[in-house]
Amino acid sequence: MNYLSTRNSTSAIHFSKTILEGLAPEGGLFVPEAFPQFKWDEFDRCSNLAEFATLLLTPWLQGDSLLAELREICQGAFNFPIVLKKLDEGASILELFHGPTAAFKDVGAKFLAECFSRIQNLNPKTILVATSGDTGGAVASAFWNKPNFKVVILFPKDKISFRQQKQLTTWGGNIQALEVRGSFDDCQRIVKEAFMAEKQSNSKRTLLSANSINLGRLLPQTIYYANAALEYFRKNEREPGFIIPTGNLGNAVAALWTKKMGFPIREVVLATNSNISILEYFKTGKWKAFPTVETLANAMDVGNPSNMERLIHLYPSVSALKQEVKVVSVNDFQISKTIQESNKVWNQIFCPHTATAVYARETLGGKDWIIVATAHPAKFDSMIEPLVGQSIPVPEGLAQLLRRPSQVEQIKPTLTELAFRVPL
Ligand SMILES: *Cc1c(COP(=O)(O)O)cnc(C)c1O
Numbered sequence: 000m001n002y003l004s005t006r007n008s009t010s011a012i013h014f015s016k017t018i019l020e021g022l023a024p025e026g027g028l029f030v031p032e033a034f035p036q037f038k039w040d041e042f043d044r045c046s047n048l049a050e051f052a053t054l055l056l057t058p059w060l061q062g063d064s065l066l067a068e069l070r071e072i073c074q075g076a077f078n079f080p081i082v083l084k085k086l087d088e089g090a091s092i093l094e095l096f097h098g099p100t101a102a103f104k105d106v107g108a109k110f111l112a113e114c115f116s117r118i119q120n121l122n123p124k125t126i127l128v129a130t131s132g133d134t135g136g137a138v139a140s141a142f143w144n145k146p147n148f149k150v151v152i153l154f155p156k157d158k159i160s161f162r163q164q165k166q167l168t169t170w171g172g173n174i175q176a177l178e179v180r181g182s183f184d185d186c187q188r189i190v191k192e193a194f195m196a197e198k199q200s201n202s203k204r205t206l207l208s209a210n211s212i213n214l215g216r217l218l219p220q221t222i223y224y225a226n227a228a229l230e231y232f233r234k235n236e237r238e239p240g241f242i243i244p245t246g247n248l249g250n251a252v253a254a255l256w257t258k259k260m261g262f263p264i265r266e267v268v269l270a271t272n273s274n275i276s277i278l279e280y281f282k283t284g285k286w287k288a289f290p291t292v293e294t295l296a297n298a299m300d301v302g303n304p305s306n307m308e309r310l311i312h313l314y315p316s317v318s319a320l321k322q323e324v325k326v327v328s329v330n331d332f333q334i335s336k337t338i339q340e341s342n343k344v345w346n347q348i349f350c351p352h353t354a355t356a357v358y359a360r361e362t363l364g365g366k367d368w369i370i371v372a373t374a375h376p377a378k379f380d381s382m383i384e385p386l387v388g389q390s391i392p393v394p395e396g397l398a399q400l401l402r403r404p405s406q407v408e409q410i411k412p413t414l415t416e417l418a419f420r421v422p423l
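Take 0 as the starting number for the sequence shown in numbering that gives the first Met the number 0 and just add one per residue.
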């Protein structure tokens with residue numbers, strides 16, 4: 000399989016090279032030259048998600064040196080449960096938060112770590128990651144104690160939940176957490192500057208990125224959509240629509256790629272918070288980034304979603320896009336209200352991100368919906384517990400981290416401050 004850039008369709012490369020590069024040369028994003036197609040009954044013989052993933056991803060790694068190890072990669076990445084549960088007559092919930100850091104980011108981060116650590120002849124690498132909340136913890140957990148890799152996490156001071164912060168700062172060993180006196184955008188800018196500085200110097204490359212534009216994070220996310228869609232279709236003989244809490248658009252693009260591979264997906268709904276750049280694009284047909292707005296669903300606080308370029312590449316016209324994709328924007332008041340109501344109606348506590356999707360389904364009506372639950376509510380206890388008036392049981396992995404001491408250094412939002420602490 001060859002991968003092309005969204006901006007230039009002449010430079011074709013294989014999977015391993017795309018994950019090492021992250022971005023395509025002209026600043027575009029990697030997309031496949033074609034979407035593999037499957038016969039659904041091929042998947043009948045898969046007895047677990049790792050086998051399902053191996054079968055589905057085989058054509059995506061065709062011709063690549065990692066293909067020979069795909070089975071082991073998938074076994075390492077898909078080793079925790081992903082659960083599809085009925086909520087009511089119209090909707091089911093796809094729980095993606097049973098991994099080590101209790102958010103769906105674990106799937107992509109684990110798969111990427113399994114891939115990186117199997118690439119031959121790689122010099123020692125530093126993975127530099129800016130996080131708005133959940134990515135940093137998932138990447139830290141996935142790379143912790145992996146020989147040859149060091150992880151440096153930049154996160155914005157006072158912008159993430161206490162428990163998210165614990166998931167960034169309690170690892171020690173090869174994981175270094177830096178608290179930046181600035182915003183998430185500052186963190187992202189410093190990371191970009193570090194990569195540019197490395198490119199301009201003539202030194203050997205040591206930096207790797209693990210952000211959501213990396214194919215190594217995006218591709219494995221197609222697995223749970225394909226598996227859930229088939230499971231739903233077999234049981235109900237109707238195609239489900241997925242409602243996806245959306246920020247950088249990585250998870251939603253994975254769902255749309257799954258649809259392009261021919262799996263039974265009726266439509267995709269993007270549930271966003273008060274960051275309205277995607278909503279405005281649907282309204283006006285013109286792409287424009289907006290400044291980031293802080294909301295209760297902090298992992299979706301993105302004003303300039305980095306996977307937008309892949310969405311536009313997939314649907315070059317807005318009218319084509321609107322036939323298969325809808326967007327619903329949900330404000331903080333609606334998020335809080337949904338968390339309260341869901342607890343009353345279904346006796347279920349949702350995280351603020353998942354609550355945007357639950358709200359969206361209420362406004363859409365209809366049936367055969369699969370609501371994607373992206374994080375465990377216990378990560379956001381200080382926000383949710385006062386709303387529902389009860390405490391949320393903490394999953395064991397998170398509880399273990401909470402007992403460990405934090406190690407963190409504060410820096411000013413400049414590249415110099417980063418370079419001073421991390422040999423770049
Ligand atoms: C990252 C994240 C999202 C947004 O996912 P994208 O792929 O960036 O659109 C939603 N919910 C949670 C809990 C997240 O961590």
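Positions of the beta carbon are idealized from the N, C-alpha and C atoms, including for glycine.
If you measure between the beta carbons of residue i and residue j, is that distance less than 9 Å?
| i | j | result |
| --- | --- | --- |
| E238 | R265 | yes |
| I338 | A354 | yes |
| G246 | D300 | yes |
| N297 | S131 | yes |
| V268 | L255 | no |
| L278 | V324 | no |
| F14 | L214 | yes |
| V190 | A129 | yes |
| T134 | Q406 | no |
| T5 | E308 | yes |
| C114 | L65 | yes |
| L83 | Y231 | yes |
| K149 | T125 | yes |
| G172 | N144 | yes |
Please check the pair residue i and residue j, which I expect to be a contact at CB under 8 Å, by giving their CB distance rounded to whole angstroms.
| i | j | result |
| --- | --- | --- |
| L414 | A193 | 6 Å |
| P111 | A141 | The sequence as given places Leu at residue 111; Pro does not occur at that position. About 7 Å; that satisfies the 8 Å criterion. |
| A319 | F262 | Not a contact, Cβ separation roughly 19 Å. |
| N306 | T291 | At roughly 16 Å, the Cβ-Cβ gap does not stay under 8 Å, so N306 and T291 are not in contact. |
| P351 | L295 | 4 Å |
| E197 | L206 | 5 Å |
| W39 | L218 | Going by Cβ atoms, the distance from W39 to L218 rounds to 19 Å, so no, they are not a contact pair. |
| R216 | K411 | Not confirmed; about 29 Å, so no contact. |
Apply the 10 Å Cβ neighbour rule to residue i and answer buried if 16 or more other Cβ atoms are within range, or exposed otherwise.
| i | result |
| --- | --- |
| S381 | exposed |
| V178 | With the sequence shown as reference, residue 178 is identified as Glu, and Val is not the correct amino acid for it. So E178 counts as buried. |
| R360 | buried |
| T221 | buried |
| G26 | exposed |
| P304 | buried |
| S316 | exposed |
| S341 | buried |
| N346 | exposed |
| P244 | buried |
| D63 | buried |
| S200 | exposed |
| N272 | buried |
| S328 | buried |
| G107 | buried |
| M195 | exposed |
| E94 | buried |
| D105 | buried |
| F96 | buried |
| Q409 | exposed |
| Q187 | buried |
Per DSSP, what are the beta-bridge partners of residue i in this structure?
| i | result |
| --- | --- |
| W368 | A90, G240 |
| F154 | E178 |
| I410 | V179 |
| F148 | K124 |
| V268 | I242, K325 |
| P31 | Y2 |
| A102 | A374 |
| V82 | E94 |
Can you tell me the Cα-Cα spacing of residue i and residue j, whole angstroms?
| i | j | result |
| --- | --- | --- |
| T53 | R70 | 6 Å |
| S335 | A377 | 15 Å |
| S211 | G249 | 6 Å |
| I174 | F154 | 13 Å |
| Q74 | F51 | 10 Å |
| I370 | F241 | 6 Å |
| A76 | K165 | 23 Å |
| N7 | G21 | 15 Å |
| K343 | F332 | 17 Å |
| T362 | E395 | 35 Å |
| Y434 | I383 | Residue 434 lies beyond the residue range present for the chain, which begins at 0 and ends at 423; the question has no answer from this structure. |
| W368 | S91 | 6 Å |
| A102 | L3 | 30 Å |
| L229 | I18 | 28 Å |
| K85 | N78 | 23 Å |
| A251 | V387 | 29 Å |
| I348 | P385 | 12 Å |
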